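Protein chains in written order, with my numbering: chain A, 31 to 365; chain B, 31 to 365. The C-beta atom is built at its ideal place from N, Cα and C for all residues, glycine as well. Please read these numbers as outputs of a predicted model, since none were measured by experiment. Scroll down for the structure; my scribbles are underneath it.
Number of protein chains: 2
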Amino acid sequence: MAVTNTAITLARRPRGRVRESDFRIVESPVPDVGAGDVLIRNHYLSLDPYMRGRMDDSPSYAQPVMIGETMIGATVGEVIDSNNDRFIPGDMVTGFLGWQLYAVATRGRGLTKIDSRDLPMTAYLGAAGMPGVAAWIGMTRIADPLPGKTVVISAASGAVGSAAGQIAKIKGARTIGIAGGAEKCAYVVDELGFDACVDHRSEAFASDLAASASHGVDIYFDNVGGKVLETVVQLLNPFACIPLRGLVSQYNEVRQHGLDNLQAILSNRVRMQGFIVSDQLDLWPSALADLSSWLVAGKVKYKETIAEGIESAPSAFIGVLNGENFGKQLVRLGP
Amino acid sequence: MAVTNTAITLARRPRGRVRESDFRIVESPVPDVGAGDVLIRNHYLSLDPYMRGRMDDSPSYAQPVMIGETMIGATVGEVIDSNNDRFIPGDMVTGFLGWQLYAVATRGRGLTKIDSRDLPMTAYLGAAGMPGVAAWIGMTRIADPLPGKTVVISAASGAVGSAAGQIAKIKGARTIGIAGGAEKCAYVVDELGFDACVDHRSEAFASDLAASASHGVDIYFDNVGGKVLETVVQLLNPFACIPLRGLVSQYNEVRQHGLDNLQAILSNRVRMQGFIVSDQLDLWPSALADLSSWLVAGKVKYKETIAEGIESAPSAFIGVLNGENFGKQLVRLGP
Numbered sequence: 031m032a033v034t035n036t037a038i039t040l041a042r043r044p045r046g047r048v049r050e051s052d053f054r055i056v057e058s059p060v061p062d063v064g065a066g067d068v069l070i071r072n073h074y075l076s077l078d079p080y081m082r083g084r085m086d087d088s089p090s091y092a093q094p095v096m097i098g099e100t101m102i103g104a105t106v107g108e109v110i111d112s113n114n115d116r117f118i119p120g121d122m123v124t125g126f127l128g129w130q131l132y133a134v135a136t137r138g139r140g141l142t143k144i145d146s147r148d149l150p151m152t153a154y155l156g157a158a159g160m161p162g163v164a165a166w167i168g169m170t171r172i173a174d175p176l177p178g179k180t181v182v183i184s185a186a187s188g189a190v191g192s193a194a195g196q197i198a199k200i201k202g203a204r205t206i207g208i209a210g211g212a213e214k215c216a217y218v219v220d221e222l223g224f225d226a227c228v229d230h231r232s233e234a235f236a237s238d239l240a241a242s243a244s245h246g247v248d249i250y251f252d253n254v255g256g257k258v259l260e261t262v263v264q265l266l267n268p269f270a271c272i273p274l275r276g277l278v279s280q281y282n283e284v285r286q287h288g289l290d291n292l293q294a295i296l297s298n299r300v301r302m303q304g305f306i307v308s309d310q311l312d313l314w315p316s317a318l319a320d321l322s323s324w325l326v327a328g329k330v331k332y333k334e335t336i337a338e339g340i341e342s343a344p345s346a347f348i349g350v351l352n353g354e355n356f357g358k359q360l361v362r363l364g365p
Numbered sequence: 031m032a033v034t035n036t037a038i039t040l041a042r043r044p045r046g047r048v049r050e051s052d053f054r055i056v057e058s059p060v061p062d063v064g065a066g067d068v069l070i071r072n073h074y075l076s077l078d079p080y081m082r083g084r085m086d087d088s089p090s091y092a093q094p095v096m097i098g099e100t101m102i103g104a105t106v107g108e109v110i111d112s113n114n115d116r117f118i119p120g121d122m123v124t125g126f127l128g129w130q131l132y133a134v135a136t137r138g139r140g141l142t143k144i145d146s147r148d149l150p151m152t153a154y155l156g157a158a159g160m161p162g163v164a165a166w167i168g169m170t171r172i173a174d175p176l177p178g179k180t181v182v183i184s185a186a187s188g189a190v191g192s193a194a195g196q197i198a199k200i201k202g203a204r205t206i207g208i209a210g211g212a213e214k215c216a217y218v219v220d221e222l223g224f225d226a227c228v229d230h231r232s233e234a235f236a237s238d239l240a241a242s243a244s245h246g247v248d249i250y251f252d253n254v255g256g257k258v259l260e261t262v263v264q265l266l267n268p269f270a271c272i273p274l275r276g277l278v279s280q281y282n283e284v285r286q287h288g289l290d291n292l293q294a295i296l297s298n299r300v301r302m303q304g305f306i307v308s309d310q311l312d313l314w315p316s317a318l319a320d321l322s323s324w325l326v327a328g329k330v331k332y333k334e335t336i337a338e339g340i341e342s343a344p345s346a347f348i349g350v351l352n353g354e355n356f357g358k359q360l361v362r363l364g365p
């Protein structure tokens, strides 16, 4: 059958802000399914801030996307053809198959079968997937959110932040979110059960945060960097810990703003630890077991923003970088 | 006997650069030696960058020196009068007795008897004292300078840096110093045995460092912060570690320059750990046992710059903040 694939490729490297014209929509025949290969029809694509880094060719832990290549990304979809004993048509799988409707997974590599009876398939791109594992590693392997401690989480309504805060609550810590706008802050407290949430867009942000964290901050799970990081650092307690998971406020900036107040890191004997979720694949089974049980029990909740159709991916991705999404940003690819 | 003490007090808080007029020389009678107290004639005073922080009243891990109070500091001297069973006249002791010729240690608190047969008494203010322990904690408890790793140390000819680099060499790592000027760099390589040393005052500093650390940097023991930190961070390898011991380049600055390139911390999964040597008093016996044996065996060497007379302490301290001292800065107080 001559099925047509639709993919979104990188047309050029952005300098500073990403624009829709940095991407191109490309149609092409679906490739042949070779020996051992598996053909997948993607149902959902995950859009995540780390993708901004792959659009640059500066040195990084990961290869950049080349000009003309399909944008990379995590996906969930259905096996529609298989020359591989491990998969049959109808299997639902997660993969890293990129911004496209169809993909051939060579020898089935990178595919994981999922059971969509317990959880909706989109959960495997969020709280039961990479974002959830990132939150779990930061909150159980880098920081130790014991009762009595105060934990602050930026991008608290997002996929990683919302899971991180709920894990901190499960562990017994006092949990304060930071989010952009009153609606997100209300959601973080009312739906996710954080003890408080502070709006970083408010002019009173610094004083609001100081009032909420009146005993100082013991753990700061950072997804954003920039002004928010600089503000939280002023409130750190001695021996505080900063799991550094993302710097989304800086990804579109040509000139980076890091952290001026290193004296607070030194004086308070702070441990700042950068981490990348894909480093620690050995931890994924433990993380996913915890996350799945918490999701099924309703102890971890999440929100999704779903854009319709692959053509909407570039604008939805630009929205993610601007904090316009509310919860996990996905794109519905079909069918 | 009516002996006159000479002390240097804080006259006013500096804003930015320290000036000699921020200090005052004060004469007063030596206080009475009460029950349980010990009177010490100080022989040497240690001058260290951390003292700059105590001249400010901004929040810190330690109390500031009050206006009119004697400047604090580590000392080594001789017991000349004692109402305490643990000390007799003639005992040599280290203490934290400040910028003054005489001091009464209430109940003998904070005094440690030293044996000046094995090591010169000044060593107890340097490689066998607080600076040596700081180097030891950073290089054995925070970082792990295994063979095959590349270790970079700033302020490499200083009291902490020189010990840190020699410990890294003892542990088998490749060790690169950073120091100010050709004379210090030659000393770091020729006398201390570092594998290389790069002059941060050279216009070619960044490229010289990149050439020396051609396999990247696994451990950066930082004493200075600022431009040097920013330069080293560009060379970090994945999973690098930064024991953050000091930020001397910033202590005289009104506007702090921290670290812009946090993306390098995140992408490389770097652990940055601020630490204060006085937190870990339980580690001092192990540290001092190692350091003493290395000193006696000639595996750890050090250099001292000794200013003569208590009146020279303010200008010598300003020199420390400007990097003008070469090795450990001491003041000979007498007799």
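| query | result |
| --- | --- |
| Cβ neighbour criterion (16 or more within 10 Å) applied to residue 196(A) | buried |
| Proximity of residue 8(B) and residue 40(B) at Cβ, strictly below 8 angstroms | Past the boundaries of the shown model lies residue 8(B); chain B is included only from 31 to 365, so the question cannot be answered. |
| Interfacial residues, the segment 276-302 of chain A to chain B, with Cβ spacing under 9 angstroms | 276, 277, 280, 281, 285, 286, 287, 288, 289, 290, 291, 292, 293, 294, 295, 296, 297, 298, 299, 300, 301 and 302 |
| Chain A residues whose Cβ lies nearer than 7 angstroms to that of residue 318(B) | Under the 7 angstroms cutoff, chain A gives no residues; its nearest Cβ is about 21 angstroms from residue 318(B). |
| Exposed unless 16 or more other CB atoms sit within 10 angstroms - verdict on residue 117(B) | buried |
| Given residue 274(B) as reference, the closest of 324(B), 169(B), 188(B) and 66(B) once Cα atoms are compared | 169(B) |
| As assigned by DSSP and simplified to three states, the class of residue 348(B) | helix |
| DSSP-derived helix/strand/coil call for residue 75(A) | strand |
| Interface partners of residue 90(B) on chain A, CB under 8 angstroms | 297 |
| Residue-chain proximity (residue 255(B), chain A), Cβ-Cβ < 8 angstroms | yes |
| Proximity test, Cβ basis, 8 angstroms: residue 183(B) and chain A | no |
| Residue burial classification, residue 269(A) (beta-carbon count within 10 angstroms, cutoff 16) | exposed |
| Per-residue burial, residue 174(B) [other beta carbons within 10 Å of its own, 16 or more giving buried] | exposed |
| At least three beta-carbon pairs within less than 8 angstroms, the segment 222-238 of chain A to the segment 121-132 of chain A | no |
| Closest Cα partner of residue 57(B) within the set 73(B), 98(B) and 78(B) | 98(B) |
| Top-ranked residue by Cα proximity to residue 162(A), from 184(A), 171(A), 145(A) and 192(A) | 192(A) |
| Environment of residue 359(A) [buried if 16+ CB atoms lie within 10 Å] | buried |
| Selection from 120(B), 202(B) and 189(B) that minimises the alpha carbon distance to residue 70(B) | 120(B) |
| Heavy atom of the ligand FMN within 7 angstroms of residue 284(A) beta-carbon | Here there are no bound small molecules, and the ligand FMN is not part of this structure. |
| DSSP three-state assignment for residue 302(A), whether helix, strand or coil | strand |
| Min CB distance residue 224(B) to chain A below 8 angstroms | no |
| Any chain E beta carbon closer than 8 angstroms to residue 268(B) | The structure shown contains no chain E; its protein chains are A and B. |
| Three-pair Cβ contact test at 8 angstroms for the segment 33-48 of chain B versus the segment 281-296 of chain B | yes |
| Exposure label - residue 73(B); buried when at least 16 CB within 10 Å | buried |
| Backbone CA spacing between residue 345(A) and residue 76(A) [nearest angstrom] | 13 angstroms |
| Cβ separation of residue 258(A) and residue 208(A), assumed to be a contact under 8 angstroms, to the nearest whole Å | 6 angstroms |
| Which of helix, strand or coil DSSP assigns to residue 214(A) | helix |
| CB contact flag (residue 222(B), residue 247(B), <8 angstroms) | no |
| CA-to-CA distance, residue 87(B) to residue 260(B), given in whole angstroms | 28 angstroms |
| Alpha carbon of residue 318(A) to alpha carbon of residue 159(A), nearest angstrom | 7 angstroms |
| Extent of the continuous beta strand (DSSP E) run through residue 123(B) | 122-125 |
| Residue 240(A) - containing alpha helix (DSSP H), residue span | 235-242 |
| Which of helix, strand or coil DSSP assigns to residue 275(A) | coil |
| Short CB-CB distance (under 8 angstroms) between residue 62(A) and chain B | no |
| C-beta neighbour in chain A for residue 306(B), strict 8 angstroms | yes |
| Chain A contact for residue 309(B) (CB, 8 angstroms cutoff) | yes |
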